[in-house]
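In the UniProt record's numbering, the protein residues as written are 1 to 177.
Quick reminder that beta carbons are idealized off the backbone N, C-alpha and C, glycines included.
A quick write-up on the structure given underneath.
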């Protein structure tokens with residue numbers, strides 16, 4: 001019976017920690033322990049003491065993305081739109097999207113690039129917003145999630161891999177709070 005109870009505990013934890021699938025077991029165990037002790041929010045507060053950023057409107061988000069693009073991706077196509085989208089949600093599998101829409105304009109084919117960021121990132125610390133915006137901007141140059149793509153993400157948002165992990169922990173904390 002003890003083995004069955006242990007198996008149920010592991011299954012429950014993995015369902016609740018689904019954002020950490022693929023990470024090493026010792027990291028998952030550390031996050032689970034912090035969550036079970038009610039200290040996950042404290043850990044995040046210690047890592048991100050500034051709390052919520054002030055980029056709350058779609059216009060501010062567009063300007064933020066443009067500034068990041070200018071700093072690291074000068075020779076890429078222009079952005080038509082950057083906005084917060086309440087349809088983007090981690091449970092449905094997306095935190096943000098980059099779309100290309102080709103349209104015929106006169107005798108030319110024009111491509112519009114749009115970025116939509118999950119509205120839940122309005123409440124995130126700024127480095128996590130930077131990580132998700134950098135991820136979507138990187139798709140302007142690299143469409144696949146390959147080594148070059150992640151190098152570009154790291155260029156746009158130094159410490160990208162850690163920020164991605166922290167954002168996943170933040171999502172777990174939001175759902176458990």
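Cα-Cα separation, residue i to residue j
i, j, result
"residue 55", "residue 121", "10 Å"
"residue 123", "residue 174", "10 Å"
"residue 161", "residue 106", "43 Å"
"residue 28", "residue 45", "19 Å"
"residue 77", "residue 110", "11 Å"
"residue 26", "residue 146", "25 Å"
"residue 151", "residue 136", "13 Å"
Boundaries (first-last residue) of the beta strand (DSSP E) holding residue i
i, result
"residue 23", "Run containing residue 23: none; DSSP gives neither H nor E here."
"residue 112", "108-118"
"residue 52", "First-last for residue 52: undefined, no H or E at that position."
"residue 74", "Unbroken run through residue 74: none, as it is neither H nor E."
Nearest-angstrom beta carbon gap, residue j and residue i [assumed within contact, 8 Å]
i, j, result
"residue 72", "residue 156", "5 Å"
"residue 177", "residue 41", "7 Å"
"residue 82", "residue 61", "5 Å"
"residue 80", "residue 112", "4 Å"
Enclosing alpha helix (DSSP H) for residue i [first to last residue]
i, result
"residue 150", "147-156"
"residue 161", "160-176"
"residue 123", "Taken as a continuous stretch (DSSP letters only), residue 123 belongs to no alpha helix (DSSP H), as it is neither H nor E."
"residue 79", "It is not in any alpha helix (DSSP H) - residue 79 instead sits in the beta strand (DSSP E) that spans 79-85."
Spatial neighbours of residue i in its chain, beta-carbon cut-off 7 Å, leaving aside the 5 residues before and after
i, result
"residue 7", "Low confidence applies to residue 7: its pLDDT is 47, below 50, so where it sits in the model is not reliable enough to give any reading."
"residue 35", "172 and 176"
Chain-order list of residues whose beta-carbon lies under 8 Å from that of residue i (same chain, five-residue window excluded)
i, result
"residue 163", "127, 128, 130, 131 and 157"
Do three or more CB pairs link the stretch 107-117 to the stretch 37-55 at distances below 8 Å?
-> Not touching, per the Cβ criterion.
Kindly confirm or deny that the stretch 142-154 and the stretch 56-70 touch, where touching means at least three C-beta pairs closer than 8 Å.
-> Counting Cβ pairs under 8 Å, fewer than three are found: no touch.
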